[in-house]
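Quick note on numbering that gives the first Met the number 0: the sequence shown kicks off at 0 and runs consecutively. Everything on this sheet refers to the single structure shown next.
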Amino acid sequence: MSILDNIRLNKAEKFKRNYERYREIHYLLNLYGSDIINSDNFRMTKAHIQHGNVTVNEHCMHVAIYSLILNNALGLNCSTEDLIRGALLHDYFLYDWHDKEYLSQRKRLHGFRHPMIALKNADKEYDLTDIQRDIIKKHMWPMLIVPPTCREAWVVTVADKYCSSLETIGVHKGHGKRITAAH
Ligand SMILES: [Fe+2]
Ligand SMILES: [Fe+2]
Numbered sequence: 000m001s002i003l004d005n006i007r008l009n010k011a012e013k014f015k016r017n018y019e020r021y022r023e024i025h026y027l028l029n030l031y032g033s034d035i036i037n038s039d040n041f042r043m044t045k046a047h048i049q050h051g052n053v054t055v056n057e058h059c060m061h062v063a064i065y066s067l068i069l070n071n072a073l074g075l076n077c078s079t080e081d082l083i084r085g086a087l088l089h090d091y092f093l094y095d096w097h098d099k100e101y102l103s104q105r106k107r108l109h110g111f112r113h114p115m116i117a118l119k120n121a122d123k124e125y126d127l128t129d130i131q132r133d134i135i136k137k138h139m140w141p142m143l144i145v146p147p148t149c150r151e152a153w154v155v156t157v158a159d160k161y162c163s164s165l166e167t168i169g170v171h172k173g174h175g176k177r178i179t180a181a182h
């Protein structure tokens, strides 16, 4: 086999591995999160920007996907269901934190307040486990000083920071209207 054939074979194998991983992740997201993903309120977050031009909806999907990747890569053996549901709901605050008129006061406190607002909203609609509650409540550590108390919450906290950074610097792109003002 020539070097060129070897390169082609390696590329094909890499593509196949990535495709299988992509299918597995989407299978798990649908298995454990389809009720959330297809709900009116979660869909409504497509209208709200999180970072750059990434919507809250896209951000939560990114965080759920990267939480699964991190759990798998580090062999942490997290509960897949809690990881996915907690990640999908971690920013379930249901308002646009860039809306100056509506949120002139609230915006300044958004970073501190939104985990508890998200928890309250999620609690109203879903039967949350203690692990899912911990994920939502603690994901803003260390800004909020109480650290996560389970590995699922640590994984989502790390995935959230990773995704937020990539979204802010424009590596992760979204479909929302880019916010140009400083925030
Ligand atoms: Fe958040
Ligand atoms: Fe987040």
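The beta carbon of each residue, even a glycine, is placed where N, CA and C say it ideally should be. If you're wondering where the values come from, they're calculated on a predicted model, not measured in any experiment.
According to DSSP, simplified to helix, strand and coil, what is residue i?
i, result
"V145", "coil"
"V170", "coil"
"H113", "helix"
"T128", "coil"
"S164", "helix"
"W153", "helix"
"K176", "coil"
"H182", "At H182 the pLDDT is 38, less than 50, meaning the model places this residue with poor confidence; the figure from the coordinates comes in the next sentence. Note: H182 maps to coil in three-state DSSP."
In angstroms, rounded to a whole number, what distance separates the CA positions of residue i and residue j?
i, j, result
"Q131", "K15", "33 angstroms"
"L3", "E12", "14 angstroms"
"E23", "W96", "33 angstroms"
"S163", "I6", "35 angstroms"
"L75", "C149", "11 angstroms"
"N37", "S1", "49 angstroms"
"D122", "G85", "11 angstroms"
"D129", "A72", "24 angstroms"
"W140", "N120", "20 angstroms"
"T179", "R42", "Reliability fails at T179, whose pLDDT of 48 lies under 50, so the model's placement of it is uncertain and the value that follows must be treated cautiously. So the two alpha carbons sit approximately 24 angstroms from each other."
"L8", "D39", "44 angstroms"
"Y161", "H171", "10 angstroms"
"Q44", "D81", "Note that residue 44 corresponds to Thr in the displayed sequence, not to Gln. Going from the Cα of T44 to the Cα of D81 covers about 21 angstroms."
"K10", "I116", "46 angstroms"
"Y21", "A46", "26 angstroms"
"E19", "D98", "40 angstroms"
"H124", "M142", "Here residue 124 is Glu; the residue named in the question, His, does not match the sequence. Between E124 and M142, the C-alpha separation is close to 27 angstroms."
Return the Cβ separation of residue i and residue j in integer angstroms, given the expectation that the two are a contact with Cβ distance under 8 angstroms.
i, j, result
"I35", "L87", "5 angstroms"
"E151", "H58", "Contact doesn't hold; Cβ gap of about 18 angstroms is too wide."
"L69", "V157", "6 angstroms"
"T54", "G173", "5 angstroms"
"G32", "A63", "7 angstroms"
Do residue j and residue i come within 8 angstroms of each other at the CB atom, strictly closer than that value?
i, j, result
"K176", "N52", "yes"
"H61", "F92", "no"
"L118", "I135", "yes"
"S66", "V154", "yes"
"I83", "L127", "no"
"D133", "P147", "yes"
"H25", "H89", "no"
Whole runs of the beta strand (DSSP E) within the stretch 18-103, excluding any shorter than 3 residues: 48-50
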